[in-house]
Amino acid sequence: LNGQLLQQLYKDKFANSRFRTIIVSDNAAFDFIRKYRDELFPGVPVVFCGINGYEESMIEGLEGFTGIAEDNDFLGLFDVISKLHPDLKRIVIYGLPSDPSHIANIALIKKLLINFSPKYQIEIREFSYLDSCIEDAKNLPQGSTILMVGSMRTATGVGINLQRANEIMSEAVQIPVYTAWDFGIPHGAIGGLVVSGVNQGKLAAEMALQILEGQLPQDLPVSRYVGNIYMFDYNQMIRFNIDSKRLPPKSVIVNSPDTTYKISREIIWTGTFFLGFLSITVFILIRTIRQRKRAEAALLTSQEKFSKAFKHCADIVGIAALENGRYIEVSEMFFDTFGYTREEVIGKRSTDINPINSNNSSFPLWHNVEERNKLFTELKTNGLIKNLEAYWCTKSGEIRIGLYSAEVIEISGISCIVYAWHDITDRKYAEEELQQAYAHLEVKVEQRTHELSSLNQELIAMNEELQSTNWELGNEISVRLRIEKELSDSNLKLTQAIDELHAMQAYLVETAKMAALGNLVAGIAHEINTPVGVGLTAASHLQEITKEFEQLCVDGTPRRQNLVDYLKELHETSTIIFKNLERAGKLIQNFKQVSADQCSEIGRVFNVKKYLEEIIFSIQPQLKKTNHHITLECDETLAMDGFPGALSQIITNLIMNSIVHAYNPEDCGHIIISAKIEERNIILLYTDDGKGMNYNVLSKIFDPFYTTKRGYGGTGLGLHVVYNIVTQQFKGTIHCESQPGQGTAFRICFPLLKEDVSNGVT
256 LNGQLLQQLY
266 KDKFANSRFR
276 TIIVSDNAAF
286 DFIRKYRDEL
296 FPGVPVVFCG
306 INGYEESMIE
316 GLEGFTGIAE
326 DNDFLGLFDV
336 ISKLHPDLKR
346 IVIYGLPSDP
356 SHIANIALIK
366 KLLINFSPKY
376 QIEIREFSYL
386 DSCIEDAKNL
396 PQGSTILMVG
406 SMRTATGVGI
416 NLQRANEIMS
426 EAVQIPVYTA
436 WDFGIPHGAI
446 GGLVVSGVNQ
456 GKLAAEMALQ
466 ILEGQLPQDL
476 PVSRYVGNIY
486 MFDYNQMIRF
496 NIDSKRLPPK
506 SVIVNSPDTT
516 YKISREIIWT
526 GTFFLGFLSI
536 TVFILIRTIR
546 QRKRAEAALL
556 TSQEKFSKAF
566 KHCADIVGIA
576 ALENGRYIEV
586 SEMFFDTFGY
596 TREEVIGKRS
606 TDINPINSNN
616 SSFPLWHNVE
626 ERNKLFTELK
636 TNGLIKNLEA
646 YWCTKSGEIR
656 IGLYSAEVIE
666 ISGISCIVYA
676 WHDITDRKYA
686 EEELQQAYAH
696 LEVKVEQRTH
706 ELSSLNQELI
716 AMNEELQSTN
726 WELGNEISVR
736 LRIEKELSDS
746 NLKLTQAIDE
756 LHAMQAYLVE
766 TAKMAALGNL
776 VAGIAHEINT
786 PVGVGLTAAS
796 HLQEITKEFE
806 QLCVDGTPRR
816 QNLVDYLKEL
826 HETSTIIFKN
836 LERAGKLIQN
846 FKQVSADQCS
856 EIGRVFNVKK
866 YLEEIIFSIQ
876 PQLKKTNHHI
886 TLECDETLAM
896 DGFPGALSQI
906 ITNLIMNSIV
916 HAYNPEDCGH
926 IIISAKIEER
936 NIILLYTDDG
946 KGMNYNVLSK
956 IFDPFYTTKR
966 GYGGTGLGLH
976 VVYNIVTQQF
986 KGTIHCESQP
996 GQGTAFRICF
1006 PLLKEDVSNG
1016 VT
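One gets our numbering by counting positions in the sequence shown from 1 and adding 255 to each.
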């Protein structure tokens, strides 16, 4: 366990328990309860004991803390040792340099020795293992004594408590071993001025009892230098010829035939368990501190990465306070798009474009203040907004349209809005132009229909006139000729109307193709920007060094070293230009065939799988923004004689339709495209595992301008274009199956050979 795990364990275990007081022993437990008392046991009084290196600052600002400090009187212990050994030359203190108790006690001893100048030496010798301490102690000269103030460890890494370390050391060497704690005396140590854990426990229990009886913890001062007694082991005194008459007054002698002082087995086992628990706790604390430092370093690295991603995000992202709308942070794209400086935005509140009470605490951004207020109200109510159209104004007054998504989160105890704004202004204007073109087409169709209706009425009138004047046979022929001419004119007008409809339809299809080609060109520009930029920089550098060398030649002062340097620079620069232009050429070649086919209606023989791979590669810039992946299932040798550009339009529109409609932004989708031959036809199967569609949507997907994403960028032409290409250009069929929550599948069938297309074979 570490501190956090122990805290969670206590939190779960004692969630429904109530305590009137808490007793803690040792520094590890004391540090834990100081940190987590108010969270785990709020307001419960704490009584501590066995605290090494106690300072009043440890409980400063903490209410309800009192207890007994474990104040070892090391100077008194040194004085006792010097009196029992008149020939004393040195006191050697052995210890493990990583043991917390050893570290705390050595720090106290060093502090005491500043103003203490004994006639003997006090040496501190630290080793990683008890075995090394014993080997060193065997070589100590006469007049030496040994003292240990912390736990030890064997060469195999097994931990040893202090009393066991005293036993092993005492058995291995013929040098007196002293201790500062009572639990080490009957285990190899002679004794000394020791801290009695039993006495400290009794005093702590008495304090806890006083608190339970109504005494306030602040009325019970912390006890210092209590519980220290002179205690010695009779057997060790006999071993080293120490006369009991030389002991300090009121000394307690254990294992003496005449003494009535006995240490019960329960006390020994209690002390042993306590020391073991202390060692384990210290080990856990050290491990916890190391883990915490690693976690803090990882958190710092994560924060730096998030900050860079936030500032350089392609979309506009920002953080604002929910209560007053003041901006806390925004990405660099915000300043580039709207023309404001950081000083004009950070710490201020956005208002509508014509704020009534504008001041230095706000800046104009929202085109409509009611829209802003409605959005903030919804955020305060639901805490989440996704893809709502928001109209914002630049500093110059230009209106930009974007998709606004936001969520309310807690940052340092403050409710904040984290939002993203995706600019769709250009796309919005393009949609409006398409809508206007479609409306214009509908007007023309209505006009032609009205003209045909008028002509039909005229024909009816002429027919009635013909019947009424049937007796005029001579005029009948002329009337018929006139009617035939008018019918011919009407048919001509009808044909012209149909041709105009076909032309408008072709225009809409061509518009969709050009939009797809625009996306392709954008992807190409993004990919080849880096190699072309590097090549241009290298070429510029080559031009500069060539001018410098030409000047040297004109001046007549070139040297051999100048020529060598110039040739070296020329070789390196030309290599850079060649490699980067070669890389750009490969990128262009990868996109060349797809882009050429999308702009051409010329048929050719091509490998189906290879061309499908080129199509998928051409739309990688769009796929990189998602978590989706595409699986292609097709025979390596499958080839067809057809229109690759039209096939590119079909696949591109199907994939983009899945990205926009089938998945949420956070989804990880799987799209499968397969192609196979059945008789003289190619069967193209396209499936995704997205949301699917209900019957009402499924029945309208091939209608022009029908879309479920009208406010989010959908035009409604993608599947209509696919349907026209399959049925008109390929003379094939397309069928769609879908159910809500079970994805969507398209089955496309068209002839394998181009002559089959021209002959209408399906």
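Virtual Cβ for every residue (Gly too), placed ideally from N, Cα, C.
In this chain, the alpha helix (DSSP H) harbouring Y265 covers 258 to 268. In this structure, the CA atom of L261 is about 41 Å from the CA atom of E633. Under DSSP, K931 takes part in a beta bridge, and its partners are I938. DSSP places D678 outside any alpha helix (DSSP H); the residue lies instead in the beta strand (DSSP E), whose first and last residues are 669 to 678.
Three or more pairs of CB atoms, one per stretch, sit closer than 8 Å, so the segment 294 to 309 contacts the segment 272 to 285.
V981 is a Cβ neighbour of I989, given a cutoff of 7 Å. Annotation note: the segment 947 to 987 contains the following uninterrupted alpha helix (DSSP H) runs of length 4 or greater, listed N- to C-terminal: 950 to 953, 973 to 979. Runs of the beta strand (DSSP E) spanning 3 or more residues and lying entirely within the segment 523 to 599 occur at 571 to 576, 582 to 585, in chain order. The residue among T592, G594, E584 with its C-alpha nearest the C-alpha of G602 is E584. Beyond the five residues adjoining it in sequence on each side, Q994 comes within less than 6 Å, by CB distance, of G947 in the same chain, given in chain order. Contact between N936 and F1005 holds: CB atoms are separated by about 7 Å, below the 8 Å threshold. Per the C-alpha coordinates, the member of R273, R581, A569 positioned closest to M588 is A569. By the CB criterion at 7 Å, I906 and I870 fall inside the cutoff. With a contact defined as Cβ atoms closer than 8 Å, L530 and Q418 qualify at about 7 Å. In the displayed model, G316 falls within coil according to three-state DSSP, outside both helix and strand. Counting C-beta pairs closer than 8 Å gives three or more between the segment 415 to 434 and the segment 371 to 391, which meets the contact rule.
Closest in alpha carbon position to G398, among S372, N421, Q429, D754, is Q429. Beta-bridge annotation (DSSP): N483 is paired with V450. Here the alpha carbons of I885 and G998 stand approximately 14 Å from one another.
In the structure shown, the three-state DSSP call for C889 is strand. Boundaries of the beta strand (DSSP E) harbouring E644: 639 to 648, taken from the DSSP string.
The Cβ atoms of D896 and V860 sit closer than 7 Å to each other.
For L807, the CB contacts under 6 Å within the same chain, skipping 5 residues up- and downstream, are P813, N817 in chain order. DSSP places S387 inside the alpha helix (DSSP H), whose first and last residues are 385 to 392. Taking the C-beta atoms as reference points, Y480 is found no nearer than 7 Å to D354. If you ignore the 5 residues before and after D342, its C-beta comes within less than 7 Å of the C-beta of G398, all in its own chain and listed in chain order.
Taking the CA atoms as reference points, E390 sits about 13 Å from E426. Excluding residues up to 5 positions away in sequence, F618 lie with their Cβ nearer than 7 Å to the Cβ of E599 in the same chain. Inclusion of L630 and N642 in the CB contact set at 7 Å is not warranted, their separation being larger than that value.
Secondary structure at V404: coil, using DSSP grouped into helix, strand and coil. If you draw a 10 Å sphere on the C-beta of F487, you find 16 or more other C-beta atoms in it, and that means buried.
In the structure shown, G439 adopts helical secondary structure according to DSSP, grouped into three states. In the assembly as shown, V572 is a buried residue. Its beta-carbon has 16 or more other beta-carbons within 10 Å.
Judged by their CB atoms, G447 and V335 are nearer to each other than the 7 Å cut-off. L363 is not a Cβ neighbour of L330, given a cutoff of 7 Å. Here the segment 589 to 596 lies against the segment 649 to 667, with 3 or more beta-carbon pairs under 8 Å apart.
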